[in-house]
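**Student:**
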Amino acid sequence: AVDKALGGVIGELMRDGEMKGKRGELTLIHTQGKMPSKRVVVAGLGKQERLDTDAVRSVSAEIARFLRRRGIKKAASVVHGAGAGGLAPDDSAQAIAEGALLGLYRFRAHLSKEDDNGKGPEELLLLEREAERLPAIERGIERGRIVAEAAALARDLVNEPSNYMTPTILAERARQAAESCGLEFNVLEREHMEALGMGGVLGVAKGSHQPPKFIILGYKGDPWGIRSTLGLVGKGITFDSGGVSLKPAEGMQAMKTDMAGGAAVIAAMQAIARLKPVINVLAFVPATENMPGGGAQKPGDLLVAMNGKTVEVENTDAEGRLILADALSWAHRLGLRPVIDVATLTGAISVTLGKVAAGVFANDQEVADRIVAAGKHAGEKMWQLPLWEEYKELNKSTVADLKNTGGRLAGSIAAAQFLHEFIEETPWAHLDIAGVATTESEKGWEPRGATGQPVRSLVNFVLDYAEQR
Ligand code: BES
Ligand code: MN
Ligand code: ZN
């Protein structure tokens, strides 16, 4: 219809090979009074047989940034993919909303000057001719907005430098999020953790001047407890220097992002509270710095986790599994099920999967399948790795029940197997997001810096669980 209104210019551009329709290809055309709108942007969605919500989400992000670069404040669009593309209108609308909001994200909290490009588009209108499709489209937009805002919250928390994101500040930001959407909020101080025997968190916190915080968020969508209460656990190391087993200086600043798992869990809880599924969810985020202060734990030290298991701290840089040990022990004791933990746990996971997919480890195939499916739907790739009995060997200590490093081989699996000792037979999956939590280069809906993964997958998982069980 637009081509016709413009006297066939789109067709001509295609015939002349100047427009190929490649995914992400954007062409700006001035309408010269032939249409009410002054400009038309033609967006390539790629091959029709490969059109999915990932393509729509990505292209929507590219379009939104294109509009921002040109200072265009208002735009209207068709619901990409919902026509000839064959996508469900709500999925397509959700992907468009997510793509635009996630693609426009920038972390500018500490820049004193406004960017030349300004703030970007203020209004994106979706047009649909068939009225009966509107409710689904509106639902999709609303859901897209809620999950994208949650992912942006996670990005904001992760992108902050560690002096602006201490355990105390992280707890405060979680409290603000909880108050804004009606979540229950609680934070355990050092004394409470001592009373509960959380030797893992306390051991890691010993080297830091910042007090540790154990953040708890609760969502009650099933007041009669018809279904089991789901558990979410996130690693909240606000800076990982390695501790006495100090990391090399080069690249250490990246360790300000070591609370990305905790941030994802807090953000997912915010979205869950706004989407209101019929289920109860309890979230734990143990938060501390890992520093080499004078009081720090030392290689060879021994600690007792909350479930009574003793751990030899062979390397203080394997701190994530120590704090998660307490959180998972507690989740197990409380009978939460299933439990998902999210952690930037090992550098080894990016040796295995690069920065393309999160590693999934599980003691229950159904939980693994469901989280991988939730990830696929969100466009956040996840790949399962094995947790075979044989790997238990890696964490054997001669002086304690376990040691916290497994040697050179199968590093990510050893870490996951360590966590398994604390969640025991509670149905559980562990997501190692050390590769996917951040990105160096802008691509589609992911600008440089924190990605906000796997917030939308966690939300999908919880919503699906609430619907299916
Ligand atoms: N936070 C790191 C893992 C990490 C590495 C996250 C790179 C993001 C990017 C974790 O605490 C760590 O230091 N793991 C060690 C474990 C080792 C000492 C067994 C690692 O991966 O080297
Ligand atoms: Mn570490
Ligand atoms: Zn760490």
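Just so you know, we're using this note's numbering here: the sequence shown kicks off at 10 and counts up by one. Even for Gly, the Cβ is constructed at its ideal location relative to N, Cα and C. Everything numeric in this text was worked out from a predicted model, so none of it was measured.
With respect to 8 Å, is the separation between the Cβ of N299 and the closest non-hydrogen atom of the ligand ZN below this value?
**Tutor:** Taking the first residue of the sequence shown as 1, we reach residue 299 at position 290. Checking every heavy atom of the ligand ZN against the Cβ of N299, one is found closer than 8 Å.
**Student:** Can you list, in chain order, the residues of its chain whose CB lies under 8 Å from that of C190, leaving out five sequence neighbours each side?
**Tutor:** Reading the sequence shown from its first residue, position 181 is the one you call residue 190. Cβ neighbours of C190 beyond the five flanking positions: Q279, A282 and R283.
**Student:** Establish whether the CB of K401 and some CB of chain D are separated by less than 9 Å.
**Tutor:** Of the protein chains in this structure there is only one, and it is not chain D.
**Student:** Is the distance from the Cβ of F293 to the Cβ of G363 below 9 Å?
**Tutor:** On the sequence shown, position 284 is the one that residue 293 refers to. On the sequence shown, position 354 is the one that residue 363 refers to. Taking 9 Å as the Cβ cut-off, F293 and G363 do not qualify as a contacting pair.
**Student:** According to DSSP, is G388 part of a helix, a strand, or is it coil?
**Tutor:** Locating residue 388 in the sequence shown gives position 379, counting from the first residue. If DSSP states are grouped into helix, strand and coil, G388 belongs with coil.
**Student:** By how many angstroms is the C-alpha of V253 removed from the C-alpha of N469?
**Tutor:** Here residue 469 refers to the residue found at position 460 of the sequence shown. Here residue 253 refers to the residue found at position 244 of the sequence shown. Approximately 39 Å between the Cα atoms of the pair.
**Student:** So, at 8 Å on beta carbons, what are the nonlocal neighbours of K43 in its own chain, with the 5 sequence-adjacent residues on each side left out?
**Tutor:** Here the question's residue 43 lines up with position 34 in the sequence shown. The answer, listed in chain order, is A14, L15 and G16.
**Student:** Among T447, A387 and E147, which has the Cα closest to the Cα of A64?
**Tutor:** On the sequence shown, residue 64 is found 55 positions in, with the first residue counted as 1. That would be A387, whose Cα lies nearest to the Cα of A64.
**Student:** Under the DSSP definition of a beta bridge, which residues are partnered with K229?
**Tutor:** Looking up residue 229 in the sequence shown gives position 220. Its beta-bridge partners are N289.
**Student:** For R66, is the classification buried or exposed, using 16 other Cβ atoms within 10 angstroms of its Cβ as the cut-off for buried?
**Tutor:** Against the sequence shown, residue 66 aligns to sequence position 57. With 16 or more other Cβ atoms within 10 Å, it is buried.
**Student:** Got a sec: does the ligand BES put a non-hydrogen atom nearer than 8 Å to the Cβ of M261?
**Tutor:** Start at 1 with the first residue of the sequence shown, and residue 261 comes out as number 252. False, no ligand heavy atom lies under 8 Å from that Cβ.
**Student:** Taking 9 Å as the cut-off, decide whether the C-beta atoms of L311 and L428 are in contact.
**Tutor:** As a first step, residue 311 is located in the sequence shown; it is residue number 302 there, counting from the start. As a first step, residue 428 is located in the sequence shown; it is residue number 419 there, counting from the start. No, these two residues do not count as a Cβ contact at 9 Å.
**Student:** Quick check: the Cα distance between L411 and F194, rounded to an integer number of angstroms?
**Tutor:** For the purposes of this step, residue 411 is taken as residue 402 along the sequence shown, with counting starting at 1. For the purposes of this step, residue 194 is taken as residue 185 along the sequence shown, with counting starting at 1. One C-alpha to the other measures close to 33 Å.
**Student:** Kindly indicate the opening and closing residues of the alpha helix (DSSP H) around K83.
**Tutor:** Locating residue 83 in the sequence shown gives position 74, where the first residue counts as 1. Taken as a continuous stretch (DSSP letters only), K83 belongs to no alpha helix (DSSP H), being part of the beta strand (DSSP E) at K83 to V87.
**Student:** Please determine, among L291, G420, D326 and G453, the residue with the shortest C-alpha to C-alpha distance to S69.
**Tutor:** Taking the first residue of the sequence shown as 1, we reach residue 69 at position 60. Closest option to S69, Cα to Cα, is G453.
**Student:** Using C-beta distances below 8 Å, list every residue in its chain close to L345, excluding the 5 sequence neighbours before and after it, in chain order.
**Tutor:** Translated into the one-based positions of the sequence shown, residue 345 becomes position 336. If we look at L345 and ignore the five residues flanking it on each side, its Cβ neighbours are S237, T238, L239, G240, L291 and T435.
**Student:** Does the Cβ of E323 lie closer than 8 Å to at least one heavy atom of the ligand ZN?
**Tutor:** Start at 1 with the first residue of the sequence shown, and residue 323 comes out as number 314. Not so, every heavy atom of the ligand ZN lies at least 8 Å from the Cβ.
**Student:** Does DSSP classify G260 as helix, strand or coil?
**Tutor:** Position 251 of the sequence shown, counting from 1, holds the residue named residue 260. Looking at G260 - three-state DSSP - the assignment turns out to be coil, as it is neither helix nor strand.
**Student:** Grouping DSSP H, G and I as helix and E and B as strand, with all else coil, what is R24?
**Tutor:** As a first step, residue 24 is located in the sequence shown; it is residue number 15 there, counting from the start. Reduced to three states, the DSSP call for R24 is helix.
**Student:** Is the beta carbon of A272 sitting closer than 9 Å to the one on L166?
**Tutor:** Position 263 of the sequence shown holds residue 272. Position 157 of the sequence shown holds residue 166. Yes, they are a contact pair.
**Student:** Does the Cβ-Cβ distance between T325 and G251 come in under 9 Å?
**Tutor:** Taking the sequence shown and counting its residues from 1, the one referred to as residue 325 is at position 316. Taking the sequence shown and counting its residues from 1, the one referred to as residue 251 is at position 242. Yes; because the gap between Cβ atoms is below 9 Å, this pair is in contact.
**Student:** Closest to W397 by C-alpha separation, out of E389, H341, E430 and D100, would be which residue?
**Tutor:** As a position in the sequence shown, residue 397 is number 388, starting the count at 1. With distances taken between Cα atoms, W397 lies closest to E430.
**Student:** Counting only the same chain and skipping the five closest in sequence on each side, list residues whose C-beta sits under 8 Å from that of K390.
**Tutor:** Start at 1 with the first residue of the sequence shown, and residue 390 comes out as number 381. Within the same chain, K390 has close Cβ partners V365, A366, A367, G384 and V445.
**Student:** In the DSSP assignment, the alpha helix (DSSP H) including F470 goes from what residue to what residue?
**Tutor:** Locating residue 470 in the sequence shown gives position 461, where the first residue counts as 1. Taken as a continuous stretch (DSSP letters only), the alpha helix (DSSP H) holding F470 covers V464 to Q477.
**Student:** List the residues that DSSP assigns as beta-bridge partners of T36.
**Tutor:** In the sequence shown, counting from the first residue as 1, residue 36 sits at position 27. V51, per the DSSP bridge assignment.
**Student:** Tell me whether L120 counts as near the ligand BES, meaning its Cβ is closer than 8 Å to at least one heavy atom of that ligand.
**Tutor:** In the sequence shown, residue 120 corresponds to position 111, counting from 1. The answer is no for L120.
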